[in-house]
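Input: a single structure, listed below in C-alpha cells.
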Amino acid sequence: MTRYAWVRISIVAGAALILEILCRTGVVPRLIMIPPSEMMASAWQILASGEIKSDFYFSFVNIALAIGFSVVGGFITGLAIYSAPVLRATLEPFLTSYSAVPPIVFHPMLIVIFGLNRAPQVIIAVMFGLVPMAIHTISGLRRIRPVFLKVGRANRLSRAASIFQIQLPAAAPYIFVGVTLAVSYSVIGVISTEFILSASGIGHQISFAYDNYDNRTMYGLVLLLLATATLLNSSLRHYSQRMLQRWTR
Amino acid sequence: MKARQAIYVAGFVALLLILWQGLFLLFGLRVLTPPWSTFANAWNMLRMPYYWPDIMESIRAFVIALLIAFGLGSIGGILIGTSRTCSEVLEPLLVNINTIPKVALYPVILLIFGLGIWAKVVFGALHGIIPIMISSIGAVRNVNPIYIRSGRAMHLTRWQMIRLIWVPACVPEMFSGLRLGFSLTLLGTIFGEFFASQKGVGFLLMNAIDLRNIPTIMALILLLVIFAVVCNSALLAADRRLHRRQA
Numbered sequence: 002m003t004r005y006a007w008v009r010i011s012i013v014a015g016a017a018l019i020l021e022i023l024c025r026t027g028v029v030p031r032l033i034m035i036p037p038s039e040m041m042a043s044a045w046q047i048l049a050s051g052e053i054k055s056d057f058y059f060s061f062v063n064i065a066l067a068i069g070f071s072v073v074g075g076f077i078t079g080l081a082i083y084s085a086p087v088l089r090a091t092l093e094p095f096l097t098s099y100s101a102v103p104p105i106v107f108h109p110m111l112i113v114i115f116g117l118n119r120a121p122q123v124i125i126a127v128m129f130g131l132v133p134m135a136i137h138t139i140s141g142l143r144r145i146r147p148v149f150l151k152v153g154r155a156n157r158l159s160r161a162a163s164i165f166q167i168q169l170p171a172a173a174p175y176i177f178v179g180v181t182l183a184v185s186y187s188v189i190g191v192i193s194t195e196f197i198l199s200a201s202g203i204g205h206q207i208s209f210a211y212d213n214y215d216n217r218t219m220y221g222l223v224l225l226l227l228a229t230a231t232l233l234n235s236s237l238r239h240y241s242q243r244m245l246q247r248w249t250r
Numbered sequence: 055m056k057a058r059q060a061i062y063v064a065g066f067v068a069l070l071l072i073l074w075q076g077l078f079l080l081f082g083l084r085v086l087t088p089p090w091s092t093f094a095n096a097w098n099m100l101r102m103p104y105y106w107p108d109i110m111e112s113i114r115a116f117v118i119a120l121l122i123a124f125g126l127g128s129i130g131g132i133l134i135g136t137s138r139t140c141s142e143v144l145e146p147l148l149v150n151i152n153t154i155p156k157v158a159l160y161p162v163i164l165l166i167f168g169l170g171i172w173a174k175v176v177f178g179a180l181h182g183i184i185p186i187m188i189s190s191i192g193a194v195r196n197v198n199p200i201y202i203r204s205g206r207a208m209h210l211t212r213w214q215m216i217r218l219i220w221v222p223a224c225v226p227e228m229f230s231g232l233r234l235g236f237s238l239t240l241l242g243t244i245f246g247e248f249f250a251s252q253k254g255v256g257f258l259l260m261n262a263i264d265l266r267n268i269p270t271i272m273a274l275i276l277l278l279v280i281f282a283v284v285c286n287s288a289l290l291a292a293d294r295r296l297h298r299r300q301a
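Here the protein sequences come in this chain order: A and B. Take 2 as the starting number for the first sequence in the numbering used here and just add one per residue. Take 55 as the starting number for the second sequence in the numbering used here and just add one per residue.
So, in C-alpha cells, the structure goes:
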C-alpha cells in the first residue's frame, strides 16, 4: 500500500473517531445519530441474527439482474452504435444528455405497467447503468490504435478474427471501466427504488427502520450497505486501473 | 452532415412518439395516457394556480442546492487541485464516495435537517457536489505547465496569472463537471421530495401514485423530462462553445 492510501485510511478513521466522541459526549443527540461503534455492533447483530436474509437476497438478485442486463445491453448498444454511422448520428445527442433525466421519474409508470414486483426496480437500474456501459464501449473501440488494425490486415485476418483477436482485447480496459460504472449505477438504481416504493430489499428495510424511529437498526443497515458498496466498487476500480496501466505501459 | 443529423434525430423522436401511442393502444388509459393528451394535461397543469406552490417549492430547493453544489464543489475542487498531495490523497476517496448509493444517507440527512426544504436541498447538493469537485480537481491538475511557465517568464502578477492563465485554462473542463452536477442535483432534489416530503413536484408525483392518478403522473413526468432536456441542451451548447474556443 502506498503512503497516500495510509493517509486516506487515517482520514476516514479520524472522522469516525471524532463522530464517536461527539456522539458519546452528547453534542450530537442520540435521536440524530448513534456512535459509530454502536453502528458497527448493530451491523454485526443484523448479520449474525440473519433476520433480514430474505431482503438481502431480494436486493442481491435485483442488483445481479440489473448488472447483467446493463453490461450485456450496453455492450451490444455500444457495438451497434460504433459500427453503424446512422445509429451514431441519431443516438449521440441522446447519449450525451442521458444523465439529464433522472430515470427514477419513470418509476411510477413502470409500477403501473408491471406492478409492485422486481421488474420496475431492475428496469430503472438498467436505465441508470446501460448508458455509461455503452458510452465506454464506444470510446474504447474508437481508441484502438490504427496500427493494430493494420497488423491484422497485413496478416489477413478475417473480420471476425480481427474483432475477437484485436479489437475487443485492445478495447477491453476501457470497456471494463464501463463495467465498473454499470455495477455502481445498478446498485444505486436498485437501492434507490427499493427505498421509495417497495415491500422488500435492503433499501426498503432502511426506510422502514427510519419510519419506526429505529435508529439502531437503521444505522446498522446503512453501514452494512455502504461498506458492501465501497468494497465492491473499490475492488473493481483497482482491477480496472491495473488493466489500464498494463495496456498503456 | 448537421442537417442530416437533425433529420435522424427528428425521426427518432417521431419513432418514440409512435411507440408511446402504440403502448397506449396496447395497455389503454388504465396504464398510460397517449402523447397528445399528456401534452395537453401538462399545459393545463402549468396554467392552474393549484400546482404552482409545489412547482415553486421544487424550483427554490433545486436552485439553492445547485448554488451550494456549484460554489462549494468548484471552490473545494480548486483548493484541493492546487496541492499535489491533497489531490493524490483525496481524489480516490471522492471517487469512492461518488459511487455509493447516496439514498442510504437520506434518512440520516432527514434526521439532521428535519422535514422541511433543507433536507432536500442538502440531499440535492450532495449529489452534485462530488462530481463537480472531481472535475475541478482534474481541470486544475491538467493545466498545461507550459502556460504557467510562460506566464512566470512574462512576470505576470498573481492576479494576472489567475485572470489570464488559470481561469481560461480551467473553465472549459470545469464547466463539463458543472453540467453533470446540474443533472445529478436535479435527481437528488426530486428524489428528496419522493420520500418524507409535504411539498414539491416529487411530492405531487408520489401523491398521484398513491391515488393511481395516471394523467397527473404522466403530465408531471413529461414536465420534468422537458425541463431536464431543455436545460441540459442549453448547457451542452455552452459547453461545446467553451471547448471549441479553447481548441
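The C-beta atom is built at its ideal place from N, Cα and C for all residues, glycine as well.
Taking the alpha carbon of residue i as the reference point, which residue from the options has its own alpha carbon closest?
| i | options | result |
| --- | --- | --- |
| B:A179 | B:L240, B:L218, B:A207, B:R295 | B:L240 |
| B:C224 | B:A292, B:N152, B:R195, B:R101 | B:R195 |
| B:G170 | B:A292, B:F257, B:A282, B:I275 | B:F257 |
| B:S141 | A:A200, A:M244, A:A172, A:V8 | A:V8 |
| B:S287 | A:P94, A:Y211, A:E21, A:V13 | A:P94 |
| B:I268 | B:V117, B:E227, B:L83 | B:L83 |
| B:V85 | A:L18, A:I10, A:M110 | A:M110 |
| B:I122 | B:W213, B:W74, B:L232 | B:L232 |
| A:R243 | A:L226, A:Y175, A:Y214, A:D215 | A:Y175 |
| A:T3 | B:K253, B:S230, B:T139, B:E227 | B:T139 |
| B:G182 | B:L147, B:L120, B:K253 | B:L120 |
| B:M110 | B:G254, B:D293, B:R101 | B:G254 |
| B:I132 | B:W97, B:I184, B:T243, B:V279 | B:I184 |
| A:N234 | B:F281, B:R203, B:L147 | B:L147 |
| A:A173 | A:G15, A:A161, A:L245 | A:L245 |
| B:V284 | A:I124, A:Y99, A:F115, A:H239 | A:Y99 |
| B:P155 | B:F177, B:V67, B:A68, B:L278 | B:F177 |
| B:H297 | B:F124, B:M215, B:P226 | B:P226 |
| B:R295 | B:I280, B:A115, B:S230, B:A57 | B:S230 |
| B:W172 | B:G125, B:T243, B:V221, B:W213 | B:T243 |
| B:I186 | B:L69, B:G135, B:R101, B:Y105 | B:G135 |
| A:G79 | A:G179, A:A17, A:L117, A:A161 | A:G179 |
| B:Q304 | B:A262, B:W90, B:F249 | Outside the displayed range of chain B (55 to 301) lies residue 304 of chain B, so it cannot be described from this structure. |
Nearer than 7 Å: is that true of the beta carbon of residue i relative to any heavy atom of the ligand ATP?
| i | result |
| --- | --- |
| A:P94 | Looking for the ligand ATP in the displayed structure turns up nothing, as the structure carries no ligands at all. |
At a Cβ threshold of 8 Å, is residue i touching chain C?
| i | result |
| --- | --- |
| B:R58 | This model lacks chain C altogether; the protein chains it does include are A and B. |
Round the Cβ separation of residue i and residue j to the nearest angstrom and send it over; I've been treating them as touching at under 8 Å.
| i | j | result |
| --- | --- | --- |
| A:I1 | A:Q168 | Only positions 2 to 250 of chain A appear in the structure, and residue 1 of chain A is not among them; the question remains open. |
| B:K174 | B:S251 | 7 Å |
| A:G202 | A:A44 | About 17 Å; that fails the 8 Å criterion. |
| A:C24 | A:I12 | No, A:C24 and A:I12 are not in contact; Cβ-Cβ is about 19 Å, not under 8 Å. |
| B:S190 | B:S137 | Incorrect: roughly 13 Å between the Cβ atoms, too far for contact. |
| B:L289 | B:I271 | That pair is no contact at about 27 Å. |
| A:A230 | B:T153 | 7 Å |
| A:F177 | A:S84 | 20 Å between Cβ atoms; not a contact. |
| B:A291 | B:M99 | B:A291 to B:M99, Cβ: 28 Å. No contact. |
| B:V149 | B:I188 | 6 Å |
| A:T181 | A:L237 | 4 Å |
| A:N63 | A:R119 | 5 Å |
| B:M228 | B:A193 | 5 Å |
| A:S208 | B:F249 | 7 Å |
The stretch 192-208 of chain A touching the stretch 151-169 of chain B, judged by at least three CB pairs closer than 8 Å: Under the three-pair Cβ rule at 8 Å, the stretch 192-208 of chain A counts as touching the stretch 151-169 of chain B.
Review point. Three or more C-beta pairs closer than 8 Å, one from the stretch 169-188 of chain A and one from the stretch 60-75 of chain A: is that the case here?
Key: These segments touch.
message = So, does the stretch 71-85 of chain A touch the stretch 130-142 of chain A, judging by three or more C-beta pairs under 8 Å?
response = Yes: the two stretches touch, three or more of their Cβ pairs being nearer than 8 Å.
Self-check item: In chain order, each alpha helix (DSSP H) run of at least 4 residues that lies wholly inside the stretch 82-165 of chain A
Solution: You should have 86-97, 108-115, 119-143, 147-155, 160-163.
Notebook entry, point to check: Where are the beta strand (DSSP E) runs, 3 residues long or more, that stay fully inside the stretch 188-224 of chain B, in chain order?
Noted result: None, since the stretch 188-224 of chain B contains no complete beta strand (DSSP E) of that length.
Q: Specify whether the stretch 222-230 of chain A and the stretch 137-156 of chain A touch according to this definition: at least 3 beta carbon pairs, one from each stretch, less than 8 Å apart.
A: At 8 Å Cβ cutoff, the stretches do not touch.
Contained alpha helix (DSSP H) runs [length at least 4] in the stretch 148-179 of chain B, N- to C-terminal order:
Listed in chain order, the alpha helix (DSSP H) elements of length 4 or more contained wholly in the stretch 148-179 of chain B are 160-167.
- Starting from the N-terminal side, write out each stretch of the alpha helix (DSSP H) that is 4 residues or longer and does not extend beyond the stretch 100-155 of chain B. Within the stretch 100-155 of chain B, the complete alpha helix (DSSP H) runs of at least 4 residues are 106-136, 138-153.
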